[in-house]
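Below is one structure, written out as structure tokens; comments come after it.
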Amino acid sequence: METAIGVFSSHAAAESTVRELLKAGVPEDSIVFLTRSEHETTTQGKQAGATVGGFMGMATGMSAGVVAATLMVTGVGAVFALGFGAAALLGLAGAGTGAAVGKAVAEPANRLLPTPDEKCSEDVLFFREVLKAGRSLVVVRTDSKEVASTASAILDEMGLGIGAKTPVKMQVVTRQVADVSVVDVGGRITMGEGNAMLRQAVRELLDAGRKKIALNLYEVGYIDSSGMGELVKTLTTVRGHGGELKLVNPSKRVHDLLRLTKLSAVFPIEADEASAVQSFRGTRSEVA
């Protein structure tokens, strides 16, 4: 499954992006739109079906069967969500449920609440942090590499913080510093070969029992929306295996993008390799 993430400064910009995705042939059921706009969610809640159907139907061109709901998210507040699986992205119970467009979205039955002992994965925390900062999100998840490539290009062009591309292909070199595995990443982290190389390098380390992993991103000149999705997935995978992942000395372009998208609130980030190795002290390593 490929994931591309677009972060936007306004819900209007995100809506425009959804329109472009649909025009480009990205399937409706692969797209999730999330926005924390108190004005919009309040208005949509009051005017219910007519407003939601008209607003989202005309704005995005999505069909009347697409799931839409106002979700109450702990620490974030009301989030207007459009698309199948929106609740799952936010770590809420009842994933995939909601009110169909054209029905009221403000009724209590349509509000999904997290359980008191809710525990969120790292990608869920990322989505919540972005929404908390007042950004809007468009997420595309698909098994088709062609669709993912198309979506990634549109999200990069219309989203926040993506600079000019560098022609350098991605390179990955893994080395050991004491019991810490340092993965030196250079070039571009992008959909396709770049994501696959990073995924394979981390998988091989985990299979070998190496659970202290530092990603050195100093030489990364460009990361696209699919690459952001891969970083989130990598962190989730490593922690799911009982390990730790830290980002080391990201390049200015990458650091700015992490800050703008609020990924910096999700990832442990160290200024240099020495600090990263030191920060792993006290963490048990399965392989000496």
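End of the sequence shown = 543 in this note's numbering, gap-free, step of one. Just so it is clear, CB atoms sit at the ideal spot from N, CA and C, and this is done for glycine as well.
Fill in: Segment limits, alpha helix (DSSP H) that includes LEU577
Since the first residue of the chain shown is 256 and the last is 543, residue 577 is not available in this structure.
Worksheet item: How long is the line joining the alpha carbons of SER534 and ILE478, rounded to whole angstroms?
Response: Sequence index remark: in the sequence shown, residue 534 carries index 279 (1-based). Sequence index remark: in the sequence shown, residue 478 carries index 223 (1-based). Using only the alpha carbons, I get a separation of about 25 Å.
Practice prompt. Output the distance between the C-alpha atoms of ALA268 and LEU461, rounded to the nearest integer angstrom.
Written response: Here residue 268 refers to the residue found at position 13 of the sequence shown. Here residue 461 refers to the residue found at position 206 of the sequence shown. In a straight line, the C-alpha of ALA268 is about 39 Å away from that of LEU461.
Worksheet item: What three-state label does DSSP hand LEU368 in the structure shown?
Response: Residue numbering aside, residue 368 sits at position 113 when the sequence shown is read from its first letter. Residue confidence for LEU368 is low, a pLDDT of 39 falling below 50, so the modelled location carries little weight; the figure read from the coordinates is stated next. Of the three classes helix, strand and coil, the one that applies to LEU368 here is coil, per DSSP.
Worksheet item: By Cβ distance, which residues of its chain are closer than 7 Å to PRO369, with the 5 residues on each side in sequence left out?
Response: If you number the sequence shown from 1, residue 369 lands on position 114. A caution first: PRO369 carries a pLDDT of 40, below 50, which makes its placement in the model unreliable, though a value can still be read off. The answer, listed in chain order, is THR329, GLY346, LEU347, ALA348.
Item to complete: Taking all protein chains shown into account, decide if VAL532 is buried (16 or more other Cβ within 10 angstroms of its Cβ) or exposed.
Response: For this step, residue 532 is matched to residue 277 along the sequence shown. Answer is buried; the Cβ neighbour count reaches 16.
Worksheet item: How would you label ALA527, buried or exposed, when you count the other beta carbons within 10 angstroms and need 16 or more for buried?
Response: Within the sequence shown, the letter at position 272 stands for residue 527. Checking the sequence, you will find Asp at residue 527 rather than Ala. So ASP527 ends up on the exposed side.
Discussion item. Quick check: what's the CA-CA separation for THR258 versus ILE286?
Written reply: Working through the sequence shown from its first residue, we reach residue 258 at position 3. Working through the sequence shown from its first residue, we reach residue 286 at position 31. C-alpha separation (whole angstroms): 10 Å.
Worksheet entry | Spatial distance of ALA324 from GLY389 (CA atoms) | As a position in the sequence shown, residue 324 is number 69, starting the count at 1. As a position in the sequence shown, residue 389 is number 134, starting the count at 1. Approximately 18 Å between the Cα atoms of the pair.
Worksheet entry | Residue nearest to ILE524 in terms of C-alpha spacing, selected from MET425, VAL393, ALA469 | Indexing the sequence shown from 1 puts residue 524 at position 269. The shortest Cα separation from ILE524 among MET425, VAL393, ALA469 belongs to ALA469.
Worksheet item: What separation, rounded to the nearest whole angstrom, lies between the Cα atoms of MET452 and ARG274?
Response: Within the sequence shown, the letter at position 197 stands for residue 452. Within the sequence shown, the letter at position 19 stands for residue 274. Rounded to the nearest angstrom, the two C-alpha atoms are 32 Å apart.
Worksheet item: Can the beta-carbon of THR516 be found closer than 7 Å to that of VAL262?
Response: Counted from its first residue, the sequence shown places residue 516 at position 261. Counted from its first residue, the sequence shown places residue 262 at position 7. In this structure, VAL262 lies closer than 7 Å to THR516 by Cβ.
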